[in-house]
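Going down the list, the protein sequences come from chains A and B.
Under the working numbering, the first residue of the first sequence is numbered 236, with each subsequent residue one higher.
Under the working numbering, the first residue of the second sequence is numbered 4, with each subsequent residue one higher.
Glycine included, each C-beta is placed from N, C-alpha and C at the ideal position.
Only one structure is covered here, and it is reproduced in the block below.
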Amino acid sequence: MGKKKDIKVLLVDDEIAFVNTLAQRLRLRKLLVDTVYDGEQALSYIKEMEPDVIVLDLKMPGLHGIEVLREIKKIKREIQVIILTGHGTDKDEEEAKKLGGFDFLRKPADIDLLVRKIKEAFSEKIERAMTAIALAEEGVFDDARKIMKKEE
Amino acid sequence: MEYDELITSQLSFIGQVLSVFSHEINNHLAILKESVGLIGDLIELGKTSSRKDLKEILKITQSIKNQIEQTTYFCDKLNGFGHGMEKPVSAFNIHKSIEELMVLLRRVINQKMICLEKDFTANMPLIYSNPLKIQFLIFCLIEKHLKRLDKNSRIIIKTVYSNDSIGITIIPKGNLIETDEEVICKDEIFKHIIKQLGGSISQKTADETTIMLPVSLFSNSNRR
């Protein structure tokens, strides 16, 4: 049996004290966590690295979280994004879902809930990749592509 | 001008302050929650016996203390803002009133990556006026520049005092960007409130606006 894959998480939030403490707590729960402090840093990060799940704030200096989510989905659609914000409006929540965000949580969130959502997001990502591989092996490339892009 | 418009724009201003405040407080609570949670995690893992572990826990408790101090400071500003609405006219320190606004709007200003600076005169007396309306006027001018200025710009709030009048000048510094975003306060409303406060408005340049207000709303020249 293969070794269980570690979940790679990127936290994106301009509240440095918050993001660093949350990162420590997630690391204690066996997640591999990196942190960046604004949307532009997040976009640079994903060009070099492959996080499985991004936990993303909305209101940050410079790029708004919704814009960052849109760009992430353009660059690497397979990355799962969970919004974690202190200021989410219903419109933001709807927009995030439309853009392919996995879930929308409000601060202060419960750590167990956040970890559960991260794991669910990761499982969905893996399942999608496995299904796409299976379809590709059978030669059904259009369906495989759709699954990877999370299309209907 | 419709009375409704006047009320709506002022409520919109108060709404923005409150939503920025609640956002900020949610962030503060999130920091506190994670810090307390981290101490709980360390205790559960038995990481409390060595000197190094205890140092780590002391570091976290210190950060909790610092955060509570910051939150208290921030709540004090909203408290001052609320008191400003209690009476139509009161005696107050205009510099404290502007600082209140600067702190309460800090998050919005940071998001735009714009720096808000103060250049206050040293000899400002207490003024007798309506703090909420003055904060609203300053907010309107700041908001207009926030929408038009590019990131890394500055907005300077300068105050002067002479001949029983105070002057508040908002000076934008930086590059302008194209925008079609609407501002809360229309010119008509702005001028109406200035008139209510017995003041006047002048413009040194197209962007640099000065509001002149009497030190007392009930000084001889303003009595009707």
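Chain-ordered chain A contacts of residue i [CB-CB under 9 Å]
i         : result
His195(B) : By Cβ distance, chain A contributes nothing, its closest Cβ being about 30 Å from His195(B), past 9 Å.
Arg110(B) : Lys294, His322
Met3(B)   : Any question about residue 3(B) goes unanswered here, given that chain B covers just 4 to 227.
Leu179(B) : Going along chain A, no residue has its Cβ under 9 Å from Leu179(B), so there is no contact; the nearest lies around 18 Å.
Lys154(B) : Pro296, Gly297
Asp44(B)  : Gln259, Arg260, Leu263, Arg264, Ile346
Under 7 Å by beta carbon: chain B residues contacting residue i
i         : result
Gln259(A) : Leu41
Proximal chain B residues relative to residue i, where beta-carbon distance stays under 8 Å
i         : result
Phe403(A) : With chain A represented from 236 up to 387, any question about residue 403(A) goes unanswered, as that position is not in the structure.
Thr366(A) : Those within 8 Å of Thr366(A) in chain B number zero; the least Cβ separation is about 36 Å.
Per-residue DSSP class, three states only, for residue i
i         : result
Ile46(B)  : helix
Phe84(B)  : helix
Ile160(B) : strand
Met365(A) : helix
Asp7(B)   : helix
Arg226(B) : For Arg226(B), the pLDDT reaches just 48, beneath the cut-off of 50, and the residue's location in the model is therefore unreliable, although a value from the coordinates is still provided. Reduced to three states, the DSSP call for Arg226(B) is coil.
Thr212(B) : strand
Lys265(A) : coil
Cys143(B) : helix
Glu387(A) : Caution applies to Glu387(A), whose pLDDT of 46 falls short of 50 and renders its modelled position unreliable; the model cannot decide the point.
Thr75(B)  : helix
Thr324(A) : coil
Asp122(B) : strand
Thr256(A) : helix
Thr172(B) : strand
Phe221(B) : coil
Phe357(A) : helix
Thr270(A) : strand
Ser53(B)  : coil
Ala344(A) : coil
Lys150(B) : helix
Asp230(B) : Absent from the model: residue 230(B). The displayed extent of chain B is 4 to 227, so no value can be given.
Val290(A) : strand
Contacts that residue i makes with chain A (C-beta to C-beta distance below 8 Å)
i         : result
His26(B)  : Lys294, Gly321, His322
Leu48(B)  : Leu263
Met116(B) : Pro296, Gly297
Residues near residue i by beta carbon distance below 8 Å, same chain, minus five either side
i         : result
His26(B)  : Arg110
Val244(A) : Leu261, Leu266, Leu267, Val268, Asp269, Pro286, Asp287, Val288, Ile289, Val290, Ile353
Ala344(A) : Leu319
Glu120(B) : Arg157, Ile158, Ile159, Ile160
Glu330(A) : Ile301
Met236(A) : For Met236(A), the predicted structure reports a pLDDT of 47, less than 50, and the residue's modelled location is therefore unreliable. The matter cannot be settled from this model.
Cut-off 6 Å between Cβ atoms - residues of its own chain near residue i, not counting five sequence neighbours on either side
i         : result
Val271(A) : Val247, Ala277, Tyr280
Lys147(B) : Val186
Leu340(A) : Leu319
Ile112(B) : Leu119
Asp56(B)  : Lys50
Cross-chain neighbours of residue i in chain A, by beta carbon under 7 Å
i         : result
Asn113(B) : Pro296
Asp56(B)  : Result: empty, since nearest Cβ-Cβ is about 13 Å, beyond 7 Å.
Min CB distance residue i to chain D below 7 Å
i         : result
Glu250(A) : Judged by its chain identifiers, the structure shown contains no chain D, and its protein chains are A and B.
Cβ-based neighbour list, residue i, same chain, cut-off 7 Å, excluding 5 preceding and 5 following
i         : result
Ile192(B) : Met4, Glu8, Leu9, Ser12
Lys308(A) : Leu334, Gly335
Phe139(B) : Gln13, Phe16, Ile196
Pro134(B) : Gly87, Ser93, Phe95, Ser100
Under 7 Å between C-beta atoms of residue i and residue j
i         : j         : result
Ile171(B) : Phe253(A) : no
Gly40(B)  : Ile346(A) : yes
Ile242(A) : Phe337(A) : no
Ile60(B)  : Ile71(B)  : no
Ser132(B) : Leu220(B) : yes
Lys360(A) : Gln315(A) : yes
Leu263(A) : Glu37(B)  : no
Gly321(A) : Leu298(A) : no
Leu149(B) : Lys176(B) : no
Asp249(A) : Pro296(A) : yes
Met238(B) : Gly201(B) : This structure leaves residue 238(B) out entirely; chain B is present only between 4 and 227.
Ile180(B) : Asp153(B) : yes
Leu107(B) : Lys80(B)  : yes
The ligand MG heavy atom lying under 6 Å from the CB of residue i
i         : result
Ile301(A) : Among the components of this structure there are no ligands whatsoever, and the ligand MG is therefore not found.
Query - Near-chain B residues of the region 324-355 of chain A - C-beta to any C-beta below 7 Å - result: Listed by position along the chain: Lys342, Pro343, Ile346.
Query raised in the report: Looking at chain A, which residues of the region 65-81 of chain B have a Cβ within less than 9 Å of any of its Cβ atoms?
Result: The residues in question are Ser66, Asn69, Gln70.
Query raised in the report: Just by C-beta distance, which residues in the region 260-282 of chain A are closer than 9 Å to chain B?
Result: Answer set for the region 260-282 of chain A: Arg260, Leu263, Arg264.
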